[in-house]
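Taking it in order: structure first as structure tokens, then the write-up.
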Amino acid sequence: MADILLYGSPLSPFFRKAEFLLRSKGVPFDTENVPVLGMPDWYAALNPGRRIPTLRDRTIAEEGVEGTIADSSAMCAFIDKKHPEPSFYPEDPFALGRALWFEEYADTDLAAVVGGGIFRPIMFPRFQGKESDLATAQATAREKLPEKLAYLDGVLAKGPFLQGDTPTIGDVAIAAVFAQYALVAELPEGFPHFRAFYERMAALPALAENLALCRKMLSKALPAPLVLS
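In terms of numbering that gives the first Met the number 0, the sequence shown opens at residue 0 and continues consecutively.
Right, here's the structure in full:
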């Protein structure tokens, strides 16, 4: 039994972000599935916002609210502090601030568009045996996503990652969230710097393992990625 337990689902971009750090650092961890649809009441005691994931450090407590962290940004900071190599948080104060900004941008602005406006309308109905809301997903991809990707494409014109030659927590968060799009649709045309960045991040074992599992989980409901144009 590993010291670290992640509650949630590999399909969650925020679970994926924490998982990326654990895998990159070679930290053993266990998982316990908590479904987004039909979330059990017991989970609210651990995460009052009823969001996934939640991390448990079993060296602190093996049950109950003690030993748990209920926000992905908080748990990633915890993971990096407890297992500092390799670090995804820059030492330079300004670089750290920028990394945290990109993480926040991913978790709020980008997630609202990619997760709320594209992944959910496509997949959540299919999980219930219904047809996807393609009109909403297509409208979001056409009207809202380009602005987000254009911003990131401009930043990435200066290097392979958002802040130079090595990924930070900002890169991890952006890739983890955008994976929601890549799991259900063909990558959008244009934005060459962002596309190269995402493909670079997706090829890293820490993310590639998650994506392979997610594709397997989605394969029956969505046999092939869609074209949203």
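Backbone N, C-alpha and C define an ideal beta-carbon position, used for all residues, glycine too.
Since this is a predicted model, take the numbers as computed values, not measurements.
Looking at the unbroken beta strand (DSSP E) that takes in residue i, where does it start and where does it end?
i	result
glutamate 31	28-32
leucine 54	53-56
isoleucine 78	Isoleucine 78 -> not in any beta strand (DSSP E); alpha helix (DSSP H) instead, spanning 71-81.
leucine 4	3-7
Expressed to the nearest angstrom, what Euclidean distance is found between the alpha-carbon atoms of residue i and residue j?
i	j	result
phenylalanine 190	lysine 219	30 Å
phenylalanine 93	alanine 43	36 Å
threonine 67	aspartate 40	16 Å
methionine 38	threonine 58	26 Å
tyrosine 88	phenylalanine 177	20 Å
phenylalanine 118	glutamine 179	6 Å
threonine 167	leucine 95	9 Å
glutamate 84	leucine 21	11 Å
aspartate 152	histidine 192	5 Å
alanine 231	threonine 165	The displayed coordinates of the chain run from 0 to 228. Any statement about residue 231 would go beyond what the structure contains.
aspartate 106	alanine 17	12 Å
glycine 163	glutamate 198	16 Å
proline 120	arginine 55	31 Å
serine 8	asparagine 46	14 Å
Run the CB neighbour count on residue i, radius 10 Å, all protein chains shown included, and call it buried at 16 or more, exposed below.
i	result
glycine 169	buried
alanine 73	exposed
lysine 157	exposed
glycine 128	exposed
lysine 215	exposed
leucine 161	buried
glutamate 102	buried
alanine 149	exposed
methionine 0	exposed
leucine 133	exposed
glycine 25	exposed
leucine 227	buried
valine 112	buried
Check the DSSP bridge columns for residue i and list the partner residues they point to.
i	result
alanine 211	Answer is none; alanine 211 lacks a bridge partner.
threonine 165	The partner list for threonine 165 (beta bridge, DSSP) is empty, contrary to what the question assumes.
alanine 43	Bridge partners of alanine 43: none, in fact.
alanine 184	Leu225
phenylalanine 160	Gly163
Could you please give the first and the last residue of the uninterrupted alpha helix (DSSP H) stretch that includes residue i?
i	result
lysine 147	144-155
serine 23	12-23
leucine 95	92-104
arginine 49	Run containing arginine 49: none; DSSP gives neither H nor E here.
proline 120	119-126
glutamate 198	191-201
Inset, instruction - For the stretch 189-202 and the stretch 130-138, state whether three or more C-beta atom pairs, one from each stretch, are separated by less than 8 Å. - result: Because the criterion of three Cβ pairs below 8 Å is not met, the stretch 189-202 and the stretch 130-138 do not touch.
Inset, instruction - Determine contact between the stretch 69-87 and the stretch 140-151, defined as no fewer than three beta-carbon pairs at a distance below 8 Å. - result: No: fewer than three Cβ pairs fall under 8 Å.
Legend entry - Three CB pairs or more closer than 8 Å across the stretch 180-199 and the stretch 26-34: With the cut-off at 8 Å, the stretch 180-199 and the stretch 26-34 do not touch.
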